[in-house]
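Residue numbers (this note's numbering), protein chains in the order written: chain G, 180 to 398; chain Z, 134 to 328; chain R, 27 to 318. Yeah, the Cβ is synthetic: ideal placement off N, Cα and C, and Gly gets one too. Treat the numbers as computed from the prediction; the structure is a model and nothing was measured. Below is one structure, written out as structure tokens, with a few remarks after it.
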Amino acid sequence: MTCEQALTLLDDYVDGELAEADYQELELHLASCEACRKQERALRGFLAEAATLKRDRVPARDLWPAIEQRLRSEKRVLRFFRPGSAALPAALAAAAALIVAVLWMRPNQTAPGGASPTGGTLTPAAAGTAVDMAQAEAEYVRATNQLLEVLNARKKNMPPEEAKSLDENMWKIDASLRQVREALDRDPQNPKLTRMLASTHQKKLDLLLRLIRLSSQIS
Amino acid sequence: MALSEEAGAPKGLAASPDDERRARERQRVGEAQAGSVAAYEELYRDNVGRVFGLCLRMAGDASLAEELAQDVFVKAWQKLGSFRGESAFSTWLYPIAVNVTLSERRARRRRTSRVMATDDLTPFDKPTRREGPEDRMDLQKALEVLPDGARAVFVLHDVEGYKHHEIGELIGVATGTSKAQLHRARKLLREALGR
Amino acid sequence: MRLRKTLVLAAVLVAPALHAQQKLDEKRTAAPDGVVAIENNAGSIHVIGWDRAEITVTGTLGRNAEALDFSGTQRRTSISVDARNPHGVRSDLEIHVPAGSRIEIDSFGAEISVTDVSGSVHADTVNGSIRIAGASKEVQASSVNGSLEISGTPQRVAAESVNGAVTVRGASGEITASTVNGLLSVAGATFSLASLETVSGGVHFEGDLAAKASLSVNSVSGDVELILPPKVSAEFSITTFSGDIVNELSADKPDKIRKYTSQKDLTFTAGNGGADISIETLSGEIALRKRP
């Protein structure tokens, strides 16, 4: 191998891209050629310096105002977020979690009738039920109202068919909620009805959370 | 209804500062995904240095790099819904930045036609040498005078650490072309720097 | 020491002029069982499995779309319609993928179909409909206003719609499905877990239950119909508050357990027990029928 040939192979050599045969030959050549070894060292030194280029740089001016303006002037496509992806602001997510905790983490006895469809322990059949349910319902209503506020703010930016569909969904769920509440009023301590009311509230909450995640937002 | 499980730290281990940082970042990402521009600003602040650094290296020009960096963050905002939190935000953001800087290059070259793999890269010019021993070229400055194609390959390979086949896919050239570009870029840069 | 880059690469195709529609005809190689992630705001997305180790995208890119981003590695390919303002941008994508691919689709209003794919399918949309037919073992689909139609032989199904109907045919194993207003209809083989929920849509279930299976159905005002094999072995626990119960599986009759309300409970054991079936409605009618 001549020095000229060796030098053309140096780049691939330092990158580890040389085929086995060339690699052996080049190593042999380098072992006995100071000039080429010097070139190799220089190349490696140069590449080491190149690697240091990879550093953070701060722009001379703050780019955020221009970026923010572009974000606000764009409507983001409605994105669907997979369950398990990052959720809403902590406060709202906590509200949703609290509701579930209030209703499901009750230690008491199971009501008659067999296994609960959702697998949890039934809410207690004891006397305190009506009062507890009222409190739990108040929590639900508060959480859903918070979410409704967020959603209503975004309704303005929705195309009209979407806003209409949103209203219809809310209306239908509210109609079902009313039905369950009426039944519960006629039979106030019924544990299954209590549970059904709670789970319908939960469905409404879930729906609102989902619609909020989907809606485009420019506040 | 998730069929796959959520990734996360195993329960029961104490949170390290890294875990805390990731948790905070995930919180911010969540808020930004829900539409919070304020949360997205936090993500911007944490990542602008890295993004701008890349744009500067690729563009070779500070004011163009500033425009590109903005484009990166706007594009990332548009694609935010597809970030599933499986990696750090910067890991997800980086290829977007590479993509933006490369598309801009392509768009500038041939705005009205589809860009496919091309081997007809602009011929190399010798970079101009600065006069005088006191004006020693440094590597960043030398990069700026390299032709675009050579600079892109050099930055992607020798600075960012991409492999040739990856660069080939990114830029749309054959692996061999990428290697040839790289070797020439190194040669030109070393000549300009006197090394 | 150079850090090895994460292998997410990009090769962006630029649309020619901004307001025309561009025809697409792209191709990339792909692993036989890689992930294909597709994003298209509106229009249509048709995914078809084939026996080549290749992904092709044909169709048209909508007006005001900036580009089709068709990129990635052999194991993870991304196909996404990029637009500065995606609202109203409709593109029609026909995508052929290796049959073993795993599919992930995100859309707002596109009509979605996936056929002849055996990898898992995850598809989410808002207004569009989703039709999945093929050999996938795991299917997850959700829509707000669109209908979901899942057929084939999936063994795990998660399907959720608000207004759209959810129809599942040929499934077995585990299924979780819910609607708010849409009709929920599931017919399949043997299930180990079935959880079906609606608010005001109807629920129709036809299938068999494994030995220790659990089937639960919840509705507020939707009617519920279960069609089960005559020799089913299960413990039934059924409640309706103002609806009716029709039991063709056994001679058991509901107890009216509360004096001043119309709540009816029906509990009985069919065959040797074993599986667990619970149904609850507020006002929906509940019918238990034998499969012919």
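- [ ] Please check if any C-beta of chain Z sits within less than 9 angstroms of the C-beta of E65 (chain R).
- [x] By 1-based counting over the third sequence, the position of residue 65 (chain R) is 39. With 9 angstroms as the cut-off, E65 (chain R) counts as an interface residue toward chain Z.
- [ ] From the DSSP output, in three-state form, read off G163 (chain Z) for me.
- [x] Translated into positions along the second sequence, residue 163 (chain Z) becomes position 30. The answer is helix: DSSP assigns G163 (chain Z) an H, G or I state.
Open item on the list: In chain order, what are the residue ranges of uninterrupted beta strand (DSSP E) at least 3 long that sit wholly in the region 67 to 118 of chain R?
Closed with: 68 to 76, 80 to 87, 93 to 98, 102 to 108
Task: Which residues DSSP lists as bridging K217 (chain G), in chain order - done: Taking the first sequence and counting its residues from 1, one reaches residue 217 (chain G) at position 38. The partner list for K217 (chain G) (beta bridge, DSSP) is empty, contrary to what the question assumes.
Open item on the list: Please tell me whether T287 (chain R) has its Cβ less than 9 angstroms away from any Cβ of chain G.
Closed with: As a working mapping, residue 287 (chain R) is identified with position 261 in the third sequence. Answer yes: the Cβ-Cβ gap between T287 (chain R) and chain G drops below 9 angstroms somewhere.
Task: CB contact check: E343 (chain Z) to chain R, cutoff 9 angstroms - done: Past the boundaries of the shown model lies residue 343 (chain Z); chain Z is included only from 134 to 328, so the question cannot be answered.
Open item on the list: Can you check which of these residues, Z:W210, Z:L189, Z:L201, Z:Q314, is closest to V170 (chain Z) by C-alpha distance?
Closed with: Taking the second sequence and counting its residues from 1, one reaches residue 170 (chain Z) at position 37. For V170 (chain Z), the nearest C-alpha among the options comes from Z:W210.
Task: Identity of the residues DSSP links to G178 (chain R) by a beta bridge - done: As a first step, residue 178 (chain R) must be located in the third sequence, where it is residue number 152. Partner(s): R:G160.
TODO: Give me the Cα-Cα distance between R360 (chain G) and A220 (chain R), rounded to the nearest whole angstrom.
DONE: The residue you call residue 360 (chain G) lines up with position 181 of the first sequence. The residue you call residue 220 (chain R) lines up with position 194 of the third sequence. Rounded to whole angstroms, R360 (chain G) to A220 (chain R) spans 27 angstroms at the Cα level.
Open item on the list: So, with DSSP's three-state summary, where would you put E206 (chain G)?
Closed with: As a working note, residue 206 (chain G) is residue 27 in the first sequence. Note: E206 (chain G) maps to helix in three-state DSSP.
Open item on the list: Could you tell me the alpha carbon to alpha carbon distance between E164 (chain Z) and E174 (chain Z), rounded to whole angstroms?
Closed with: For the purposes of this step, residue 164 (chain Z) is taken as residue 31 along the second sequence, with counting starting at 1. For the purposes of this step, residue 174 (chain Z) is taken as residue 41 along the second sequence, with counting starting at 1. Roughly 11 angstroms separates the two Cα atoms.
TODO: Go through the region 167 to 251 of chain Z residue by residue and report every complete run of the alpha helix (DSSP H) that reaches 4 residues or more, in order.
DONE: 170 to 192, 195 to 211, 222 to 242
- [ ] Give a yes or no on whether 9 angstroms exceeds the smallest Cβ distance from W243 (chain G) to chain Z.
- [x] Here residue 243 (chain G) corresponds to residue number 64 of the first sequence, with the count starting at 1. Interface residue, yes.
Open item on the list: So R300 (chain Z) and H290 (chain Z) are supposed to be a Cβ contact under 8 angstroms. How far apart are they, rounded?
Closed with: The residue you call residue 300 (chain Z) lines up with position 167 of the second sequence. The residue you call residue 290 (chain Z) lines up with position 157 of the second sequence. It should be noted that the sequence gives Ile, not Arg, for residue 300 (chain Z). Contact holds; Cβ gap of about 6 angstroms.
Task: Under 9 angstroms between C-beta atoms of V246 (chain R) and A313 (chain R) - done: The count along the third sequence starts at 1 and reaches residue 246 (chain R) at position 220. The count along the third sequence starts at 1 and reaches residue 313 (chain R) at position 287. Not closer than 9 angstroms, so no.
TODO: Check whether the region 125 to 139 of chain R touches the region 54 to 68 of chain R, taking contact to mean three or more Cβ pairs, one atom from each stretch, closer than 8 angstroms.
DONE: yes
Task: Extent of the continuous alpha helix (DSSP H) to which D302 (chain R) belongs - done: On the third sequence, position 276 is the one that residue 302 (chain R) refers to. From DSSP, D302 (chain R) is part of no alpha helix (DSSP H) but of the beta strand (DSSP E) over 301 to 307.
Task: Cross-strand partners of S204 (chain R) (DSSP beta bridge) - done: The residue labelled residue 204 (chain R) in the question sits at position 178 within the third sequence. Answer is R:E186, R:E223.
- [ ] Helix, strand or coil for A265 (chain G), going by three-state DSSP, please let me know.
- [x] The residue you call residue 265 (chain G) lines up with position 86 of the first sequence. Per-residue confidence for A265 (chain G) stands at a pLDDT of 37, beneath the threshold of 50, marking its modelled position as unreliable; the derived number appears in the next sentence. DSSP places A265 (chain G) in coil when its eight states are reduced to three.
Task: Proximity of V147 (chain R) and A167 (chain R) at Cβ, strictly below 9 angstroms - done: Position 121 of the third sequence, counted from the first residue, corresponds to residue 147 (chain R). Position 141 of the third sequence, counted from the first residue, corresponds to residue 167 (chain R). Result yes, Cβ atoms of V147 (chain R) and A167 (chain R) sit closer than 9 angstroms.
- [ ] At 8 angstroms on the CB atoms, spell out the chain Z contacts of P338 (chain G), in chain order.
- [x] Position 159 of the first sequence, counting from 1, holds the residue named residue 338 (chain G). Here the premise fails: no neighbours, minimum Cβ distance about 17 angstroms.
TODO: Decide if the region 368 to 380 of chain G is in contact with the region 312 to 325 of chain G; the criterion is three or more beta carbon pairs, one per stretch, under 8 angstroms apart.
DONE: yes
Open item on the list: Can you tell me where the beta strand (DSSP E) holding Q48 (chain R) begins and where it ends?
Closed with: As a working mapping, residue 48 (chain R) is identified with position 22 in the third sequence. Its beta strand (DSSP E) spans residues 48 to 55.
Task: Among R:V258, R:V183, R:E175, R:G98, the one whose alpha carbon lies nearest that of G190 (chain R) - done: Translated into positions along the third sequence, residue 190 (chain R) becomes position 164. Residue R:E175 is the option with its Cα nearest to G190 (chain R).
Open item on the list: Just to confirm, is the Cβ distance from S127 (chain R) to G98 (chain R) under 9 angstroms?
Closed with: By 1-based counting over the third sequence, the position of residue 127 (chain R) is 101. By 1-based counting over the third sequence, the position of residue 98 (chain R) is 72. Contact: no.
Task: Contact residues within the region 198 to 215 of chain Z, judged by C-beta distance below 9 angstroms to chain R - done: V207, K208, Q211, K212, G214, S215
TODO: Reducing DSSP to helix, strand and coil, say where D151 (chain Z) ends up.
DONE: For the purposes of this step, residue 151 (chain Z) is taken as residue 18 along the second sequence, with counting starting at 1. Helix at D151 (chain Z).
Open item on the list: Can you find the residues in the same chain that come closer than 7 angstroms, C-beta to C-beta, to G293 (chain G), ignoring five residues on each side of it along the sequence?
Closed with: For the purposes of this step, residue 293 (chain G) is identified with residue 114 of the first sequence, where counting begins at 1. In this predicted model, G293 (chain G) has a pLDDT of only 34, less than 50, meaning its place in the structure is not dependable; the value taken from the coordinates is given anyway. There are no such residues.
Task: Near-chain G residues of the region 281 to 294 of chain Z - C-beta to any C-beta below 9 angstroms - done: F287, V288, H290, D291, V292, E293, G294
Task: Buried versus exposed, by CB contacts within 10 Å (16 or more), C182 (chain G) - done: For the purposes of this step, residue 182 (chain G) is taken as residue 3 along the first sequence, with counting starting at 1. It is exposed - the Cβ of C182 (chain G) has fewer than 16 other Cβ atoms within 10 Å.
- [ ] Could you round the C-beta distance between L384 (chain G) and V207 (chain Z) to whole angstroms and report it? I think they count as a contact, below 8 angstroms.
- [x] For the purposes of this step, residue 384 (chain G) is taken as the residue at position 205 of the first sequence. For the purposes of this step, residue 207 (chain Z) is taken as the residue at position 74 of the second sequence. That pair is no contact at about 33 angstroms.
Open item on the list: Does V73 (chain R) pass the burial test, meaning 16 or more other C-beta atoms within 10 Å, or should it be called exposed?
Closed with: Translated into the one-based positions of the third sequence, residue 73 (chain R) becomes position 47. Buried.
TODO: Consider the Cβ of R234 (chain G): report whether some Cβ of chain Z lies at a distance smaller than 9 angstroms.
DONE: Here residue 234 (chain G) is taken as the residue at index 55 of the first sequence, counted from 1. At least one chain Z Cβ lies under 9 angstroms of R234 (chain G).
Task: Contact list for Q358 (chain G) against chain R, beta-carbon separation under 7 angstroms - done: The sequence position of residue 358 (chain G) within the first sequence is 179, counting from 1. Going along chain R in sequence order, the residues near Q358 (chain G) (Cβ under 7 angstroms) are V246, S247, L308, S309.
Task: Inter-residue spacing [alpha-carbon to alpha-carbon] between R159 (chain Z) and A230 (chain Z) - done: Indexing the second sequence from 1 puts residue 159 (chain Z) at position 26. Indexing the second sequence from 1 puts residue 230 (chain Z) at position 97. Near 20 angstroms, if we compare the C-alpha coordinates of A230 (chain Z) and R159 (chain Z).
- [ ] Could you work out which residues of chain Z lie near D59 (chain R), taking near to mean beta carbons separated by less than 7 angstroms?
- [x] For the purposes of this step, residue 59 (chain R) is taken as residue 33 along the third sequence, with counting starting at 1. Near D59 (chain R) there are no residues of chain Z at all, since even the closest Cβ is about 16 angstroms away, more than 7 angstroms.
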